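J.:
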Amino acid sequence: MMRVYVDINRCIGCRSCEVACKRVHGGKGHVNVHISEDRASVPLFCHHCEEAACTMACYSGALTKDGERTSFSLDKCTGCGLCRLACPFGVVWTDKLAHKCDLCAPNETPTCVLTCPAQALSNDYELALKRARARAGRATILGGKR
Amino acid sequence: MIQVDANKCLGCFACSNICPNQFITREEEEGKRRTIRWSKCKEECDICVEFCPAKALTLIPYSDSTPEVIEVSFDLVPCEVCKKGFATELLLKRIRETVPSNLQTDSTGRSWVEICPFCRRELEAEMASKQVVQSRRK
């Protein structure tokens, strides 16, 4: 299971990831695109925290760490809402029962990554690294401007 | 029949969600107050007792003298940012107790527990896009 990297510089705020996520998760989406000052947009979803507060608050064993992934099992959820309050980023939802990003397990690549037309979402570590280096390089040449 | 320990009840959604007969209902005055009502039930079922995170529920023998409905109400704690009520005090207390204290603040040192999930997302987006917004501001 791999992480999803977000490149905010590339996000065009089209909300395709939101729609795609809703489509594959029975109408309950786990991505939220926020627009900042009409100048940038950020897709927000589960960080799959290493020390995941939601798994600590969950008393029924529905939220657990499964390697890098923070996994959720619907049949153990009571819908109490503790995880929603325990998520520092507000990306666990409770709509009767809880729902959150599952990285589209067991699929190899999450649907949002496959869908993003701007390649702002990727699960390629090397690509994320390459872009960050290129940006830093350009910034150095342009004297701090990015 | 259900007996409720009103001092222990967190005001969460577990029992009202899980009751197979809708004997437990929840009413919410958006952003202000939450009320949970347990109707007198004769079922031989203890799902709510089993799943209560606070162990606030117990089963007692059926009796005619107890009231038809037990009701517990909670004032919702207002979000530090938008001031709308979003959770009961006991739910937030539970989060403070179960999540290690070093995880209860964000990278700027601000505690996020008293901020509602909607504003947490807003703050996160603002923080993440700060640099990009600045570079595009000219």
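Taken in order, these protein sequences are the chains called A and B. Using my numbering, count along the first sequence one by one with no gaps and you end on 147. Using my numbering, count along the second sequence one by one with no gaps and you end on 191. Every residue, glycine too, gets a C-beta built ideally from N, C-alpha and C. Predicted, not measured: the structure shown is a model, and the values here were computed from it.
(1) Is the region 32 to 48 of chain A in contact with the region 166 to 183 of chain B, if contact means three or more CB pairs nearer than 8 Å?
(2) Keeping to the same chain, check which residues put their C-beta closer than 8 Å to that of Val-114 (chain A); ignore five residues upstream and five downstream.
(3) Cα separation between Cys-18 (chain A) and His-48 (chain A)?
(4) Cβ closer than 8 Å: which chain A residues qualify as neighbours of Thr-119 (chain B)?
(5) Name the DSSP beta bridge partners of Arg-1 (chain A), please?
(6) Does Arg-189 (chain B) get closer than 7 Å to chain A when you measure Cβ to Cβ?
(7) Ser-61 (chain A) touches chain B at which residues, Cβ-Cβ below 9 Å?
(8) Cutting at 8 Å between CB atoms, please list the residues of its own chain near Pro-120 (chain B), excluding the five before and the five after it.
(9) Less than 7 Å between C-beta atoms, sequence neighbours within five positions excluded: which residues of the same chain meet that for Cys-59 (chain A)?
(10) I'd like to know if the region 159 to 170 of chain B and the region 88 to 99 of chain A are in contact, where contact means that at least 3 CB-CB pairs between them fall below 8 Å.
(11) Within a Cβ cutoff of 8 Å, which residues of the same chain sit near Lys-29 (chain A), ignoring the five residues on either side of it in sequence?
(12) Determine the chain A residues that contact Ala-140 (chain B) at a beta-carbon separation under 7 Å, and present them in chain order.
(13) So, is Asn-70 (chain B) buried or exposed, given that buried needs 16 or more other C-beta atoms within 10 angstroms?
(14) With distance defined between alpha-carbon atoms, name the residue in A:Cys-105, A:His-31, A:Arg-134, A:Thr-116 nearest to Cys-12 (chain A).
(15) Give the C-beta separation of Ala-67 (chain B) and Pro-106 (chain B) to the nearest angstrom, bearing in mind that I take them to be a contact with Cβ-Cβ under 8 Å.
(16) Between the alpha carbons of Ala-119 (chain A) and Ser-160 (chain B), how many angstroms are there, rounded?
(17) Measuring CB to CB, does Arg-90 (chain B) end up less than 7 Å from Gly-64 (chain B)?
(18) Report the neighbours of Asn-33 (chain A) on chain B: residues whose CB is nearer than 9 Å to its CB, in chain order.
(19) Among the residues of its own chain, which have a CB less than 7 Å from the CB of Val-102 (chain B), if the five just before and after it don't count?
T.: Let me lay it out:
(1) yes
(2) Counted from its first residue, the first sequence places residue 114 (chain A) at position 113. Counting only Cβ-Cβ distances below 8 Å, and skipping sequence neighbours, we find Val-5, Leu-122, Ser-123, Asn-124.
(3) The residue you call residue 18 (chain A) lines up with position 17 of the first sequence. The residue you call residue 48 (chain A) lines up with position 47 of the first sequence. If you take the alpha carbons of Cys-18 (chain A) and His-48 (chain A), they lie about 16 Å apart.
(4) The count along the second sequence starts at 1 and reaches residue 119 (chain B) at position 66. The contacting residues do not exist; Thr-119 (chain B) stays about 26 Å from chain A at best.
(5) Outside the displayed span of chain A (2 to 147) sits residue 1 (chain A), for which this structure offers no information.
(6) The count along the second sequence starts at 1 and reaches residue 189 (chain B) at position 136. Yes, Arg-189 (chain B) lies at the interface with chain A (some Cβ there is under 7 Å from its Cβ).
(7) The residue given as residue 61 (chain A) occupies position 60 in the first sequence. Result: Ala-67, Phe-104, Pro-106.
(8) Position 67 of the second sequence holds residue 120 (chain B). Only Lys-93 meet the Cβ criterion.
(9) Position 58 of the first sequence, counted from the start, is the residue given in the question as residue 59 (chain A). Only Leu-83, Cys-84 meet the Cβ criterion.
(10) yes
(11) The count along the first sequence starts at 1 and reaches residue 29 (chain A) at position 28. Cβ within range, chain order: Lys-23, Trp-94, Asp-96, His-100.
(12) Here residue 140 (chain B) is taken as the residue at index 87 of the second sequence, counted from 1. Here the neighbours are Leu-86.
(13) Walking along the second sequence from the start, residue 70 (chain B) turns up at place 17. Answer is buried; the Cβ neighbour count reaches 16.
(14) Against the first sequence, residue 12 (chain A) aligns to sequence position 11. It is A:Thr-116 whose Cα lies nearest to the Cα of Cys-12 (chain A).
(15) Counting from one through the second sequence, the residue named residue 67 (chain B) turns up at place 14. Counting from one through the second sequence, the residue named residue 106 (chain B) turns up at place 53. With a Cβ gap of about 6 Å, Ala-67 (chain B) and Pro-106 (chain B) count as contacting.
(16) Position 118 of the first sequence, counted from the start, is the residue given in the question as residue 119 (chain A). Position 107 of the second sequence, counted from the start, is the residue given in the question as residue 160 (chain B). When rounded, the distance between both Cα atoms is 29 Å.
(17) For the purposes of this step, residue 90 (chain B) is taken as residue 37 along the second sequence, with counting starting at 1. For the purposes of this step, residue 64 (chain B) is taken as residue 11 along the second sequence, with counting starting at 1. Against a cut-off of 7 Å, the Cβ pair of Gly-64 (chain B) and Arg-90 (chain B) comes out as no contact.
(18) On the first sequence, residue 33 (chain A) is found 32 positions in, with the first residue counted as 1. By Cβ distance, chain B contributes Arg-174, Ala-178.
(19) If you number the second sequence from 1, residue 102 (chain B) lands on position 49. These residues qualify, in order along the chain: Leu-110, Thr-111, Leu-112.
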